[in-house]
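Taking this note's numbering, I'd label the letters of the sequence shown as residues 138 to 1240.
Report on the structure given below.
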Amino acid sequence: MFCYRKKPPEVERIVKANDREYNEKFQYAVVWSGTVRELKNPVELKHSEDNRIHTSKYNIITFLPINLFEQFQRVANAYFLFLLILQLIPEISSLTWFTTIVPLVLVITMTAGKDATDDYFRHKSDNQVNNRQSEVLIDGKLQNEKWMNVKVGDIIKLENNQFVAADLLLLSSSEPHGLCYIETAELDGETNLKVRHALSVTSELGADISRLAKFDGTVVCEAPNNKLDKFTGVLSWKDSKHSLNNQKIILRGCVLRNTGWCFGMVIFAGPDTKLMQNSGKTKFKRTSIDRLMNTLVLWIFGFLVCLGIILAIGNSIWENQVGGQFRTSLFRNEEKKNFVFSGFLTFWSYIIVLNTVVPISLYVSMEVIRLGHSYFINWDRKMYYSGKAAPAEARTTTLNEELGQIEYVFSDKTGTLTQNIMTFKKCSINGRIYGEEYGDPVQKKEITKKKEPVDFSEKSQAERSLQFFDHSLMESIKSGDPKVHEFFRVLALCHTVMSEEDSSGKLIYQVQSPDEGALVTAARNCGFIFKSRTPDSITIEELGTLVTYQLLAFLDFNNIRKRMSVIVRNPEGQIKLYSKGADTILFERLHPSSKDLLSLTSDHLSDFAGEGLRTLAIAYKDLDDKYFKEWHKMLEVASAAAHERDDQISQLYEEIERDLMLLGATAVEDKLQEGVIDTIASLSLANIKIWVLTGDKQETAINIGYACNMLTEDMNDVFVVAGNTVGEVREELRKAKESLPGQNHSILNAHAACGKEQQLEMASVGEEDTAPGDYALVINGHSLAHALESDVKSDLLELACLCKTVICCRVTPLQKAQVVELVKKHRNAVTLAIGDGANDVSMIKSAHIGVGISGQEGLQAVLASDYSFAQFRYLQRLLLVHGRWSYFRMCKFLRYFLYKNFAFTLVHFWYGFFCGFSAQIALDTSYWTVINHVFIWGSIATYFCILFTTHSSDIFGMFPNQFPFVGNVWHSLTQKCVWLVILLTTVASVMPVVAFRFLKVDLYPTLTDQIRQRQKAQKKAKPVRRQRPQTRRSSSRRSGYAFAHQEGYGELITSGKNMRAKTPPPTSGLEKPLYNSTSWLENLCKKTTDTLSSFSQEKTVKL
138 MFCYRKKPPE
148 VERIVKANDR
158 EYNEKFQYAV
168 VWSGTVRELK
178 NPVELKHSED
188 NRIHTSKYNI
198 ITFLPINLFE
208 QFQRVANAYF
218 LFLLILQLIP
228 EISSLTWFTT
238 IVPLVLVITM
248 TAGKDATDDY
258 FRHKSDNQVN
268 NRQSEVLIDG
278 KLQNEKWMNV
288 KVGDIIKLEN
298 NQFVAADLLL
308 LSSSEPHGLC
318 YIETAELDGE
328 TNLKVRHALS
338 VTSELGADIS
348 RLAKFDGTVV
358 CEAPNNKLDK
368 FTGVLSWKDS
378 KHSLNNQKII
388 LRGCVLRNTG
398 WCFGMVIFAG
408 PDTKLMQNSG
418 KTKFKRTSID
428 RLMNTLVLWI
438 FGFLVCLGII
448 LAIGNSIWEN
458 QVGGQFRTSL
468 FRNEEKKNFV
478 FSGFLTFWSY
488 IIVLNTVVPI
498 SLYVSMEVIR
508 LGHSYFINWD
518 RKMYYSGKAA
528 PAEARTTTLN
538 EELGQIEYVF
548 SDKTGTLTQN
558 IMTFKKCSIN
568 GRIYGEEYGD
578 PVQKKEITKK
588 KEPVDFSEKS
598 QAERSLQFFD
608 HSLMESIKSG
618 DPKVHEFFRV
628 LALCHTVMSE
638 EDSSGKLIYQ
648 VQSPDEGALV
658 TAARNCGFIF
668 KSRTPDSITI
678 EELGTLVTYQ
688 LLAFLDFNNI
698 RKRMSVIVRN
708 PEGQIKLYSK
718 GADTILFERL
728 HPSSKDLLSL
738 TSDHLSDFAG
748 EGLRTLAIAY
758 KDLDDKYFKE
768 WHKMLEVASA
778 AAHERDDQIS
788 QLYEEIERDL
798 MLLGATAVED
808 KLQEGVIDTI
818 ASLSLANIKI
828 WVLTGDKQET
838 AINIGYACNM
848 LTEDMNDVFV
858 VAGNTVGEVR
868 EELRKAKESL
878 PGQNHSILNA
888 HAACGKEQQL
898 EMASVGEEDT
908 APGDYALVIN
918 GHSLAHALES
928 DVKSDLLELA
938 CLCKTVICCR
948 VTPLQKAQVV
958 ELVKKHRNAV
968 TLAIGDGAND
978 VSMIKSAHIG
988 VGISGQEGLQ
998 AVLASDYSFA
1008 QFRYLQRLLL
1018 VHGRWSYFRM
1028 CKFLRYFLYK
1038 NFAFTLVHFW
1048 YGFFCGFSAQ
1058 IALDTSYWTV
1068 INHVFIWGSI
1078 ATYFCILFTT
1088 HSSDIFGMFP
1098 NQFPFVGNVW
1108 HSLTQKCVWL
1118 VILLTTVASV
1128 MPVVAFRFLK
1138 VDLYPTLTDQ
1148 IRQRQKAQKK
1158 AKPVRRQRPQ
1168 TRRSSSRRSG
1178 YAFAHQEGYG
1188 ELITSGKNMR
1198 AKTPPPTSGL
1208 EKPLYNSTSW
1218 LENLCKKTTD
1228 TLSSFSQEKT
1238 VKL
């Protein structure tokens, strides 16, 4: 028997083109055994090396054992299986095994059916994908092969609108310079086109099959991983090496667009592709009710054990004192039982009898209710956004009631609170502001009255929707201001926009972000039109003249750099570096000669941010030809490095992006969504705290806070934390905390001396939700990075939870998730995160509930969310309507369900005291089950039959006079005859039963009825003689219950026919009075005879 283990993780991958034998020797993803490579089964090699994918869990052989194993890991199912085994033992079971196996099989079958259905669709999807056709270059010719048969190292031909079969290295395409366009909707949900370009040495291969078949390049690259935006590798071919990055790779799941054909070499296949590496299990989210139910089930099971122990002890006592005499009175010649063993068997018998207290069907019932609540959300017309024809969608069915317990909402700003539809509004060029002056009401009034919007109609490619009121900008462009021309030249060159023409010849821009689209559109309307790009050039139209710039280097944007740059050579031969990015980043890299302009532009940026506009700084640099060539050589060496490539490239970027010359800044408007202010106000009234986590600059975030009424002028104070070191951040947080009223300074000092775990413990409990008064906290991203360190977390959490509003600006996606985790872990509160972009995915996954908004930044946030809709304002209805009612309904259901189970179970428990603890059931299960089903299903069937019959068009056609109001049921309720029928039916149904009960009690009273009549008579009449206090009452409860069962032993016992002669009294000296004798049957007989005799005498006297 082999002991299998996974092979060590790959450090790097080596793939050779058109050489399957060479690539198969590596046996990627094969399981190893010891030091010798062994396969789990004969087909493992085929599955591990080909392009087949498996997302299913079961097959025909493994479904039953694996699914049963998974289901019986649940405590409730395992308990009822154990119960079923007990019922098969005759000595301890008073119920048939049928009563347990039916609900158990029903629950398991329903769950297995659901699992099988889900897995069937996974199999169907896998087969559909694995059987897609692709053209593969084999033996020098193209052959149609299924995707599952594609191997690593194969060369594949793709055609337009075709899905990519595996992770490919792009070799050549139908477009010039090896360009191709792809859509990555399956990877990140974004529908905008992205560009990929092949190496110049491989793009020359074109579509020549013979040359492609002879291609024998070797790729050494990173091991399989899940990073969609990163790839490092080196292609070795013809004694030269060429560095590879993400721009050379086409990932599985992409679709080829606007490209006739392309050829690619398979690098990763099957489960090693980045798409499959990202398809890991989603973090399972459970509601607080689920966790409560797990705890309740354990307590209920403990309660059941206690009941069984009590009844088992009772049975042992009864067997020891009464059991022998009881069997003798029934003429049973049985040996005396061991009362201890009898109690042991009785314990297990009552575990069976009282099994209904454990709610086996509760989980299934809860899932059905949650499914119904999910449909309520999907069908809600008030959450339907007609602008995009986007309804609300519940992407999970397990978290509905959790919506009603949200305490913290973490929201993105751009695209969530705002529309994320960017409009170019203002700019600052060489110290002068161009654009609409919002801050001056008089000037705004003059602009509105005297000035019309700039007329862009004379430009054929201008965007008509853009409105710009400042004519001085156009005058500066026409006058030939070099700074203004250079400013818009940067906007037209420094971007990642792709252009294409529609059938009418109009330019259409494919943009990766709305900001870039707004800036390129502004340059387009001002006469600097971006026309096209290739891997080596960018063509723009400058005031009617086509100009082509040679693209020398592209320094791309990322969350760390927060800027992007291009290095181009203009037609005059000059090398220029154009850069745009966050002002805090670019201002640190400016030449000292820009000091005066920097001060003026900073004031302009503050004004822009104060108006809620998004800003970017624009700069440039002239490069020396010799210096650039040396720098470019170092860049090539760093790009080909096998280790620490990114660090080396970043250092080179930092080196060349120094001593920049400032041109100005842009200001783009992003308006608030409709209903944001009302939604935030309503959630605040519901005591839900809203924290805004945004990547925008501090001034913009604060201004949006005021626009949303999260920040107001009436607030007591707004704390701004902007420290650059851990010590500064800690000091600012504690000073802010000390300035809050009602905070004990000595406690804070003692708090500082505590350990960090104790600090977080103190922060999570014992604090008020908010401080007296209204306070707000604004913290920057670099300060937040220090504040999230272990020894400062407690100070941040304490201060933030005491404030009414918290705004975190300039934060990274990782910091968003860290803030959510901090509150989620140490405040023990239910959290919700809402966002619309890829940078919000980590935050959405970290929170208890994630909500995605289908906005302008693709669908990646929606794909990772639990609920989705199109507008932020729908959050109010989701939480305060659907969340509240789901939670309310679920709680009422749980109360009823547990009440029903306990009521039914405790009947049997109480009955045990009157049946000698014999584990007999008080209710006939089969009778009760049949009656229950008949009345429930029968009433439902009768209702629908009558409903459909009375509203049937056929019945209306047959009897038009009898059914004049088809479809108007409400109208019938206004007719007096309907209410008269209801009254007569009720009276006719109730009166016979009431009359029969009264007559029966009066004419044929049972012993119980007679005793009750006597007790009532004694209460009315004053007693002549003293009643015996409490003595009789000690056993009246038990005797009364015995008399209430007419089919029991009451008549036999009171007649005395089954009583034998009294045995001589015991000689142990333990003689007792009548009520304490060893035979309770004799006492009962004697007591009953006395009662009847006294009652007869009293009745005779009365007569």
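Note that beta-carbon positions come from the ideal geometry of N, C-alpha and C, so glycine has one too.
{"Item": "Let me confirm a value: Y764 is counted as buried when at least 16 other C-beta atoms fall within 10 Å, else exposed. Which label applies?", "Value": "exposed"}
{"Item": "Please confirm whether V301 and C358 have their CB atoms less than 8 Å apart.", "Value": "no"}
{"Item": "Do three or more CB pairs link the region 300 to 320 to the region 341 to 360 at distances below 8 Å?", "Value": "yes"}
{"Item": "On the DSSP bridge assignment, give the partners of V546 in chain order.", "Value": "I827 and L969"}
{"Item": "List, from N- to C-terminal side, the alpha helix (DSSP H) runs of 4 residues or more that fit wholly inside the region 921 to 1005.", "Value": "930 to 939, 950 to 963, 978 to 983 and 997 to 1000"}
{"Item": "How about G918 and C946: do their beta carbons lie closer than 8 Å?", "Value": "yes"}
{"Item": "I think V1044 touches A1059, with their Cβ atoms under 8 Å apart; what is that distance to the nearest whole Å?", "Value": "5 Å"}
{"Item": "Under the DSSP definition of a beta bridge, which residues are partnered with E149?", "Value": "E359"}
{"Item": "On a CA-only basis, which of F352, L750 and L734 is nearest I293? Give me that one, please.", "Value": "F352"}
{"Item": "Verify whether the separation of the beta carbon atoms of L241 and L221 is less than 8 Å.", "Value": "yes"}
{"Item": "Going by DSSP, what residues sit across from N917 in a beta bridge?", "Value": "C946"}
{"Item": "Among H985, W234, A802 and F856, whose alpha-carbon lies nearest the alpha-carbon of S716?", "Value": "A802"}
{"Item": "Between which two residues does the beta strand (DSSP E) carrying C317 extend?", "Value": "L316 to T321"}
{"Item": "Expressed to the nearest angstrom, what Euclidean distance is found between the alpha-carbon atoms of T488 and K519?", "Value": "Checking the sequence, you will find Ile at residue 488 rather than Thr. Taking the straight line from one Cα to the other gives about 50 Å."}
{"Item": "For the alpha helix (DSSP H) holding A350, just list the boundary residues, first then last.", "Value": "I346 to K351"}
{"Item": "Assign V774 to one of two classes, buried (16 or more other C-beta atoms within 10 Å of its C-beta) or exposed (fewer than that).", "Value": "exposed"}
{"Item": "Quick check on the burial criterion: 16 or more other C-beta atoms within 10 angstroms. Buried or exposed for K183?", "Value": "Low per-residue confidence applies at K183: pLDDT is 35, beneath 50, and the placement is therefore not dependable, though the value from the model is reported in the following sentence. So K183 counts as exposed."}
{"Item": "Are the beta-carbon atoms belonging to V915 and V855 less than 8 Å from one another?", "Value": "yes"}
{"Item": "Straight-line CA distance for I1119 to S1126?", "Value": "11 Å"}
{"Item": "Please state if the CB of E296 and the CB of L1262 are separated by a distance shorter than 8 Å.", "Value": "Past the edges of the chain, shown from 138 to 1240, lies residue 1262, and the structure says nothing about it."}
{"Item": "Have a look at Y1048 and M1128 and give me their C-alpha separation to the nearest angstrom.", "Value": "32 Å"}
{"Item": "Pull up the CB-CB distance for S98 and G1020, whole angstroms please, since I reckon it's below 8 Å.", "Value": "Since the first residue shown for the chain is 138 and the last is 1240, residue 98 is missing from the structure and cannot be characterised."}
{"Item": "So, using beta-carbon positions, are D833 and K550 closer together than 8 Å?", "Value": "yes"}
{"Item": "Could you tell me whether the region 648 to 655 touches the region 666 to 676, using the rule of 3 or more Cβ pairs below 8 Å?", "Value": "no"}
{"Item": "Buried or exposed for G397, going by 16 or more other Cβ atoms inside 10 Å?", "Value": "exposed"}
{"Item": "Quick one: what does DSSP say D156 is sitting in, helix, strand or coil?", "Value": "coil"}
{"Item": "Does the distance from the CB of L554 to the CB of F1009 come in under 8 Å?", "Value": "yes"}
{"Item": "Looking at C-beta atoms only, is the number of pairs between the region 502 to 516 and the region 1022 to 1033 that lie closer than 8 Å three or more?", "Value": "yes"}
{"Item": "Please name the residue in M559, G290 and P619 whose C-alpha comes closest to that of A659.", "Value": "M559"}
{"Item": "Can you grab the Cα-Cα spacing for the pair I645 / N382, in whole Å?", "Value": "28 Å"}
{"Item": "G903: buried (16+ other C-beta within 10 angstroms of its C-beta) or exposed?", "Value": "At G903 the pLDDT is 41, less than 50, meaning the model places this residue with poor confidence and gives no usable figure here."}
{"Item": "Sort G370, I387 and T248 by Cα distance to L316 and report the nearest one.", "Value": "I387"}
{"Item": "Could you give the DSSP three-state label for I275: helix, strand or coil?", "Value": "strand"}
{"Item": "Please check the pair I566 and K620, which I expect to be a contact at CB under 8 Å, by giving their CB distance rounded to whole angstroms.", "Value": "6 Å"}
{"Item": "Which full runs of the beta strand (DSSP E) of 3+ residues lie inside the region 633 to 667, going along the chain?", "Value": "635 to 638 and 644 to 647"}
{"Item": "From the DSSP secondary-structure annotation, give me the bridge partner or partners of R700.", "Value": "G718"}
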